[in-house]
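Read the structure below first, then the notes.
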Amino acid sequence: MSRNTSRPLSPHLTIWKWGPHMLVSILHRVTGSGLSVVGGIALAWWLVAAASGEEAYGKFTGFLTEGWGMWAGLVVGIGLTWALFQHTFSGLRHLAMDIGAGFELQTNKFWAQMTIVGSVLATALLWFYILEVK
Amino acid sequence: MRSKTALGHVRGLGSARTGAHHWWLERLTSVSTLVLFVWFFVSILRLPDMGYETVTTWLRSPLNAVPMLLFILSTFWHIKLGMQVVWEDYVHESTKVFAITLTNFLVIGVGALAFFSVLKIAFGAEAQ
């Protein structure tokens, strides 16, 4: 589709006052894209390593449990799980909105905020469980 | 012909009848991915460790291999649909076609690697 550049564009992102719903909306896309790339590769890497024999799998787990690989793994792991919880919660919010629920201003704002509170809490609880309990 | 607007070209031709298909499939795969992901997540957390023996023995059971294969299918399908929408909104014209095509190739490639790996483990001989 070609656009006549001499015509004005409708008001865009930059002129609106930011609210939680806008943040959650774009976070849904950012986390979705991040999960697609990093999560997709991580899942395939793990499975390919497991299918390639004990030695190959040992290299994979060795990389993630020693030295800088452990720190990289921890940062990516925490990032991935947060992205996952955020995408899941904002995805559930989208499913509710798809059936026409939750559009009232206060309700909409509340659940937008709750997806962020929920994702941060769930991530913290999960990593507490992995690092302290397990 | 040139004087017609883009809308004028398509008006009266009727709907393509596939307008909502992509949208609907994205919702369907979101639900199936969510259900399968909860299963995957709980299963992984319940494993005593993430060692080679534990993981491959776990994946050798049909009751784990099949949900895992469905999880991979559902997830990578959802990735394909979702990434397409993102490209469509932010890149345009021929770049868009290129980006979506490349994404589809990569999604199928990485997804196939994951899928085949599960099959290989599941069909593999028992550890001695």
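Line by line, the protein sequences are chains A and B. Under the numbering used here, the residue at position 7 of the first sequence is numbered 8, and the numbers go up by one with no gaps. Under the numbering used here, the residue at position 78 of the second sequence is numbered 275, and the numbers go up by one with no gaps. By construction, the Cβ of each residue, glycine as well, lies at the ideal position given by its N, Cα and C atoms. Computed from a predicted structure; not experimentally measured.
Going by beta carbons, Ala52(A) and Ile241(B) fall outside the 9 Å limit. Val294(B) sits in a helix when the DSSP states are folded into three classes. Inclusion of Gly92(A) and His29(A) in the CB contact set at 9 Å is warranted, their separation being smaller than that value. For Trp236(B), the uninterrupted alpha helix (DSSP H) segment begins and ends at 218 to 243. With respect to the 9 Å criterion, Arg94(A) and Gly80(A) are not classified as neighbours on the basis of their beta carbons.
Counting only residues of its own chain and dropping the five nearest sequence neighbours on each side, Gly35(A) has a CB closer than 7 Å to the CB of Ala84.
For Lys317(B), a Cβ of chain A is located within less than 9 Å of the residue's own Cβ.
Counting along the chain, His275(B) sits inside the alpha helix (DSSP H) bounded by residues 259 to 287.
Cα atoms of Ala113(A) and Trp220(B): separation of roughly 22 Å, rounded to the nearest angstrom.
Taking a cut-off of 8 Å for Cβ pairs, the segment 36 to 46 of chain A and the segment 267 to 279 of chain B touch, as three or more such pairs fall below it. His289(B) and Val118(A) have their alpha carbons spaced roughly 35 Å apart.
Bounds of the alpha helix (DSSP H) holding Asp99(A) are 68 to 99. Residues of the segment 294 to 316 of chain B that bring their beta carbon within less than 7 Å of a beta carbon in chain A comprise Val307, Leu310, Ala311, Ser314, Val315, in sequence order.
Distance from the CA of Leu126(A) to the CA of Val207(B), rounded to the nearest whole angstrom, comes to 53 Å. Listed by position along chain B, the residues whose Cβ is nearer than 8 Å to that of Val49(A) are Leu310, Ala311, Ser314. Residues of the same chain with a CB within less than 8 Å of the CB of Trp236(B), apart from the 5 flanking positions on each side, are Pro264, Phe268 in chain order.
Put simply, the CB of Thr272(B) is near chain A, with a gap under 9 Å to one of its CB atoms.
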